[in-house]
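*Asks:* Structure in C-alpha cells, see below.
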Amino acid sequence: MKTNTNQGVLERVFRLSEHHTDVKTEVIAGVTTFMTMAYILAVNPNILSVTGMDRGAVFTATALASFVATLLMAAFANYPFVLAPGMGLNAYFAYTVVLQMGYTWEMALAAVFVEGIIFIVLSLTNVREAIFNAIPMNLKHAVSAGIGLFIAFIGLQNAKIVVDSATLVSVYSFKGSLEAGTFSSEGITVLLALIGILITAVLLVKNIKGNMLWGILITWALGIVCELVGLYQPNPELGMYSVLPDFSSGLSIPSMAPTLFHMDFKGILSLNFVTIMLAFLFVDMFDTLGTLIGVASKADMLDEEGKLPNIRGALLADAVGTALGAVFGTSTTTTFVESASGVAEGGRTGLTAVVSALLFGLSLFLSPIFLAIPSFATAPALIVVGFLMVTSILKVDFEDYTESIPCYICLIAMPFMYSISEGIAMGVISYVIINVIAGKAQEKKISLLMYVLAVLFILKYVLL
Numbered sequence: 003m004k005t006n007t008n009q010g011v012l013e014r015v016f017r018l019s020e021h022h023t024d025v026k027t028e029v030i031a032g033v034t035t036f037m038t039m040a041y042i043l044a045v046n047p048n049i050l051s052v053t054g055m056d057r058g059a060v061f062t063a064t065a066l067a068s069f070v071a072t073l074l075m076a077a078f079a080n081y082p083f084v085l086a087p088g089m090g091l092n093a094y095f096a097y098t099v100v101l102q103m104g105y106t107w108e109m110a111l112a113a114v115f116v117e118g119i120i121f122i123v124l125s126l127t128n129v130r131e132a133i134f135n136a137i138p139m140n141l142k143h144a145v146s147a148g149i150g151l152f153i154a155f156i157g158l159q160n161a162k163i164v165v166d167s168a169t170l171v172s173v174y175s176f177k178g179s180l181e182a183g184t185f186s187s188e189g190i191t192v193l194l195a196l197i198g199i200l201i202t203a204v205l206l207v208k209n210i211k212g213n214m215l216w217g218i219l220i221t222w223a224l225g226i227v228c229e230l231v232g233l234y235q236p237n238p239e240l241g242m243y244s245v246l247p248d249f250s251s252g253l254s255i256p257s258m259a260p261t262l263f264h265m266d267f268k269g270i271l272s273l274n275f276v277t278i279m280l281a282f283l284f285v286d287m288f289d290t291l292g293t294l295i296g297v298a299s300k301a302d303m304l305d306e307e308g309k310l311p312n313i314r315g316a317l318l319a320d321a322v323g324t325a326l327g328a329v330f331g332t333s334t335t336t337t338f339v340e341s342a343s344g345v346a347e348g349g350r351t352g353l354t355a356v357v358s359a360l361l362f363g364l365s366l367f368l369s370p371i372f373l374a375i376p377s378f379a380t381a382p383a384l385i386v387v388g389f390l391m392v393t394s395i396l397k398v399d400f401e402d403y404t405e406s407i408p409c410y411i412c413l414i415a416m417p418f419m420y421s422i423s424e425g426i427a428m429g430v431i432s433y434v435i436i437n438v439i440a441g442k443a444q445e446k447k448i449s450l451l452m453y454v455l456a457v458l459f460i461l462k463y464v465l466l
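Numbers given in the numbering used here equal positions in the sequence shown, counted from 1, plus 2.
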C-alpha cells in the first residue's frame with residue numbers, strides 16, 4: 003500500500019503518465035545518466051588541482067554543485083537534464099585563465115560567479131529563451147545530430163579507440179601496444195570498450211530495458227574480471243587505474259573549506275577580467291542552449307513551433323548552479339550532454355534528474371565506488387547514444403540547400419572543432435549569410451535576433 007502511495011505522489015509531482023513514462027523507467031534513466039557522467043567526479047578535481055586548488059575540496063564542491071543544480075532542474079523545469087561542472091570550461095579555467103594568463107584561481111572563481119549572476123538576470127528577462135526560440139527548426143535538428151557526433155567522438159577518445167597522431171587522430175594500434183608492452187594495461191581496455199559497444203548495441207536491438215546502464219555495468223564487470231585474473235594491469239603513468247573500488251581511506255567526505263567562498267573580486271573592473279568573464283559566459287550559454295536543443299529535440303519535447311516549454315526554469319537552474327558552484331569552489335556548472343543517455347533510456351521528467359542528483363549526493367559518501375567506474379566502461383554508452391542522436395539529421399530538409407548547407411556546417415563543426423558552442427556559431431553565421439545572399443531572408447522570415455547573433459559570433463572570432 004505504501005509503495006502505491008509513493009508512486010501516486012511521484013505521479014502528481016512529476017506528471018509521469020502525461021509524459022508517457024513510469025517510475026522504473028525514470029529511475030533507470032537517472033542511474034544511466036549518472037553513470038555516463040560520474041567521470042566528472044574524478045576528472046574535475048584533477049584538472050582544477052593544477053591551479054593549486056585542494057583536490058579533495060574540489061571533489062566535494064563538484065559533487066555538491068552537481069547535486070544542488072540537478073535538483074533545481076527537477077524543481078524549476080521538471081526535465082531529465084543533469085548538471086555538473088562542465089568539461090572544456092574547467093580546462094579553460096585551469097590552463098588558460100590561471101596557468102597561461104596568470105590569474106589566481108580565486109579570481110577565476112569570481113569570474114565564474116559573476117557569469118552566473120548575469121545568467122540569472124538573462125534567464126529571468128527571457129533573453130536566453132528568445133535566443134533558443136530564434137534558431138530555425140532545421141538548425142535545431144542539426145544541433146542534435148552534431149551533438150551525437152560530438153559525444154560519440156568523446157566516447158571514442160575516452161576509450162582510447164581514437165588517439166592522437168601525426169594525422170591529428172587515428173585508430174588505436176594493438177600491434178603497437180604489444181610491441182611497447184602496454185597491451186595488458188592499455189590495449190586490453192580498448193578491447194573491452196569495443197566489446198562493450200557491441201554488447202550495448204545488441205541490448206539496444208533487443209530492446210532490453212536499461213540497455214545503456216547494463217552495457218556500462220557489464221563492461222565494468224568484464225574489466226574487474228580481467229584485473230582479478232591478471233589480464234588487466236593498472237598503470238597510473240598511462241592513466242590506467244584499478245577498476246576495483248578502493249576503501250583504504252574510508253568513507254569520509256573531504257572538507258570544502260579550502261575553496262568555499264574563496265572568490266577574489268579585486269580585478270573585477272579590469273578589461274582582462276571582463277574578457278575572461280565574457281568567454282565563460284559565451285561558451286556556457288551556447289553549450290547549454292545546444293544541449294537543451296539537441297536532447298529535447300531527440301526526446302520530442304519541442305512543441306510545433308520548435309520551442310521548449312519551461313525552458314526558463316531549465317536555464318535558471320543552470321544559472322543558479324553556476325553561481326553556487328563558484329561559491330563552493332568549482333568551475334562553471336552546466337547542463338551535461340550525457341543527459342542524452344538517460345533520455346535514450348526513456349527518461350522524460352525531473353524524476354530522472356532527482357535520481358541522478360541523489361547519486362551525486364551519495365557519491366560524497368561512496369566516492370571509492372563511483373571513482374572506480376572506468377572511462378572504457380562508460381564510453382560505449384556515449385558512442386551508442388551518439389548514434390541515436392545522429393538520426394535527428396533525417397528531419398532536416400535536404401531539398402532546400404539554404405537550410406541543409408548551414409545544418410551540414412553546424413553538424414561537422416561540433417566534432418571537428420570539439421565544441422557545441424562553435425557548432426552553433428558556425429551554423430547561425432552560415433544560415434544568415436547564405437539566406438541573405440541567396441535572397442531568401444525575407445521568405446524565411448529570419449528573426450532580428452538571428453542577425454544580431456550572427457554579428458556577435460563574427461565579432462567574437464575577430465576580437466577574442
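Each residue gets a CB set at the ideal place from its N, CA and C atoms; glycine is no exception.
Taking 7 Å as the line, does the beta carbon of Ser179 fall inside it for any heavy atom of the ligand GDP?
*Replies:* Of the ligands one can find in the structure shown there are none, so the ligand GDP has no counterpart to examine.
*Asks:* Here's a check: name, in chain order, each residue in its chain whose Cβ is nearer than 8 Å to the Cβ of Ser187, leaving out the five neighbours to either side.
*Replies:* As a first step, residue 187 must be located in the sequence shown, where it is residue number 185. Closer than 8 Å at the Cβ level, and outside the excluded window around Ser187, lie Tyr234, Gln235, Pro236, Asn237, Leu240 and Met242.
*Asks:* Return the first residue and the last residue of the beta strand (DSSP E) that Ala86 is part of.
*Replies:* One-based indexing of the sequence shown puts residue 86 at position 84. Unbroken beta strand (DSSP E) run through Ala86: Leu85 to Pro87.
*Asks:* Measuring straight from C-alpha to C-alpha, what distance separates Leu465 and Val386?
*Replies:* Working through the sequence shown from its first residue, we reach residue 465 at position 463. Working through the sequence shown from its first residue, we reach residue 386 at position 384. So the two alpha carbons sit approximately 38 Å from each other.
*Asks:* Helix, strand or coil: how does DSSP classify Val458 here?
*Replies:* Locating residue 458 in the sequence shown gives position 456, counting from the first residue. Val is not the amino acid found at residue 458; the sequence shown has Leu there. Of the three classes helix, strand and coil, the one that applies to Leu458 here is helix, per DSSP.
*Asks:* If we call anything under 8 Å between Cβ atoms a contact, is Ala319 one with Leu158?
*Replies:* As a working note, residue 319 is residue 317 in the sequence shown. As a working note, residue 158 is residue 156 in the sequence shown. No, they are not a contact pair.
*Asks:* Is Ala59 near Ala259, with beta carbons less than 8 Å apart?
*Replies:* Looking up residue 59 in the sequence shown gives position 57. Looking up residue 259 in the sequence shown gives position 257. Yes.
*Asks:* Can you list, in chain order, the residues of its chain whose CB lies under 8 Å from that of Lys462, leaving out five sequence neighbours each side?
*Replies:* Here the question's residue 462 lines up with position 460 in the sequence shown. Excluding sequence neighbours, Lys462 sits near Phe284 and Ala427.
*Asks:* Among all the DSSP beta bridges, which residues are the ones paired with Asp166?
*Replies:* Within the sequence shown, residue 166 is the residue found at index 164, counting from 1. Val171, per the DSSP bridge assignment.
*Asks:* Helix, strand or coil: which one does DSSP assign to Met265?
*Replies:* As a position in the sequence shown, residue 265 is number 263, starting the count at 1. Residue state, collapsed to three classes: coil.
*Asks:* Do you know offhand how far Phe16's Cα is from Val192's?
*Replies:* Here residue 16 corresponds to residue number 14 of the sequence shown, with the count starting at 1. Here residue 192 corresponds to residue number 190 of the sequence shown, with the count starting at 1. Approximately 40 Å, taken between the alpha carbons.
*Asks:* State the CB to CB distance for the pair Ser333 and Leu124, rounded to an integer number of angstroms; the pair is presumed to be in contact (CB under 8 Å).
*Replies:* Stepping through the sequence shown from its first residue, residue 333 is reached at position 331. Stepping through the sequence shown from its first residue, residue 124 is reached at position 122. About 19 Å separates the two Cβ atoms, so there is no contact after all.
*Asks:* Here's a check: name, in chain order, each residue in its chain whose Cβ is nearer than 6 Å to the Cβ of Glu424, leaving out the five neighbours to either side.
*Replies:* By 1-based counting over the sequence shown, the position of residue 424 is 422. Same-chain partners within the cutoff: Ala415.
*Asks:* Met452 to Glu229, Cα distance in whole Å?
*Replies:* Position 450 of the sequence shown, counted from the start, is the residue given in the question as residue 452. Position 227 of the sequence shown, counted from the start, is the residue given in the question as residue 229. Those two C-alpha atoms are separated by around 54 Å.
*Asks:* Assuming contact is defined by CB atoms lying nearer than 8 Å, are Met75 and Gly352 in contact in what I supplied?
*Replies:* Translated into the one-based positions of the sequence shown, residue 75 becomes position 73. Translated into the one-based positions of the sequence shown, residue 352 becomes position 350. In contact: Met75 and Gly352 (Cβ atoms closer than 8 Å).
*Asks:* For Leu413, which residues from the same chain have a beta carbon less than 6 Å from its beta carbon, with the 5 sequence-adjacent residues on both sides left out?
*Replies:* Counted from its first residue, the sequence shown places residue 413 at position 411. Around Leu413: Ala144, Ala147 and Gly148.
*Asks:* If distances are taken between C-alpha atoms only, which option among His22, Tyr41 and Gln9 comes closest to Phe372?
*Replies:* Position 370 of the sequence shown, counted from the start, is the residue given in the question as residue 372. Closest by alpha carbon: Tyr41.
*Asks:* At the level of alpha carbons, what is the spacing between Asn213 and Tyr433?
*Replies:* Your numbering for residue 213 matches position 211 in the sequence shown. Your numbering for residue 433 matches position 431 in the sequence shown. One C-alpha to the other measures close to 37 Å.
*Asks:* Going by DSSP in three states, Asn237 sits in which element: helix, strand or coil?
*Replies:* Along the sequence shown, one-based indexing puts residue 237 at 235. Strand.
*Asks:* Enumerate, from N- to C-terminal direction, the unbroken alpha helix (DSSP H) stretches of 4 or more residues contained entirely within the stretch 45-125.
*Replies:* With a minimum length of 4 residues, the continuous alpha helix (DSSP H) runs that stay inside the stretch 45-125 are 57-79.
*Asks:* In the DSSP assignment, the beta strand (DSSP E) including Thr336 goes from what residue to what residue?
*Replies:* Indexing the sequence shown from 1 puts residue 336 at position 334. Run containing Thr336: Thr335 to Thr337, per the beta strand (DSSP E) assignment.
*Asks:* Could you check what DSSP says for Met419 in three-state terms: helix, strand or coil?
*Replies:* The residue labelled residue 419 in the question sits at position 417 within the sequence shown. Residue state, collapsed to three classes: coil.
*Asks:* Within 10 Å of its beta-carbon, does Phe275 have 16 or more other beta-carbons around it, so buried, or fewer, so exposed?
*Replies:* Locating residue 275 in the sequence shown gives position 273, counting from the first residue. Phe275 should be labelled buried.
*Asks:* Just the C-alpha distance for Glu20 and Leu273, rounded to the nearest angstrom, thanks.
*Replies:* Along the sequence shown, one-based indexing puts residue 20 at 18. Along the sequence shown, one-based indexing puts residue 273 at 271. Approximately 50 Å, taken between the alpha carbons.
*Asks:* Can you tell me which of the three DSSP states Met287 falls into?
*Replies:* Along the sequence shown, read from residue 1 onward, the residue named residue 287 stands at position 285. Three-state result, Met287: helix.
*Asks:* On a Cα-Cα basis, can you pick out the residue from Glu28, Gly232 and Trp222 that is closest to Pro247?
*Replies:* Against the sequence shown, residue 247 aligns to sequence position 245. The shortest Cα separation from Pro247 among Glu28, Gly232 and Trp222 belongs to Trp222.
*Asks:* Would you mind working out which of Gly88, Gly90, Ile431 and Tyr105 sits nearest Met265, comparing C-alpha positions?
*Replies:* The residue labelled residue 265 in the question sits at position 263 within the sequence shown. Among Gly88, Gly90, Ile431 and Tyr105, the Cα nearest to that of Met265 belongs to Tyr105.
*Asks:* State the Cα-Cα distance for the pair Thr98 and Gly323, rounded to the nearest angstrom.
*Replies:* As a first step, residue 98 must be located in the sequence shown, where it is residue number 96. As a first step, residue 323 must be located in the sequence shown, where it is residue number 321. About 22 Å.
*Asks:* Going by the beta-carbon positions, is the gap between Thr380 and Thr337 smaller than 8 Å?
*Replies:* As a position in the sequence shown, residue 380 is number 378, starting the count at 1. As a position in the sequence shown, residue 337 is number 335, starting the count at 1. Against a cut-off of 8 Å, the Cβ pair of Thr337 and Thr380 comes out as no contact.
*Asks:* Under the three-state reduction of DSSP, which class applies to Met139: helix, strand or coil?
*Replies:* Locating residue 139 in the sequence shown gives position 137, counting from the first residue. DSSP places Met139 in helix when its eight states are reduced to three.
*Asks:* Applying the criterion that 16 or more other CB atoms from any shown protein chain within 10 Å of the CB defines a buried residue, is Lys162 buried or exposed?
*Replies:* On the sequence shown, position 160 is the one that residue 162 refers to. By the 10 Å Cβ count, Lys162 comes out buried.
*Asks:* For a minimum of 3 consecutive residues, which ranges assigned as the beta strand (DSSP E) are wholly contained in the stretch 308-390?
*Replies:* Those beta strand (DSSP E) runs which fall completely within the stretch 308-390 and span 3+ residues are 335-337.
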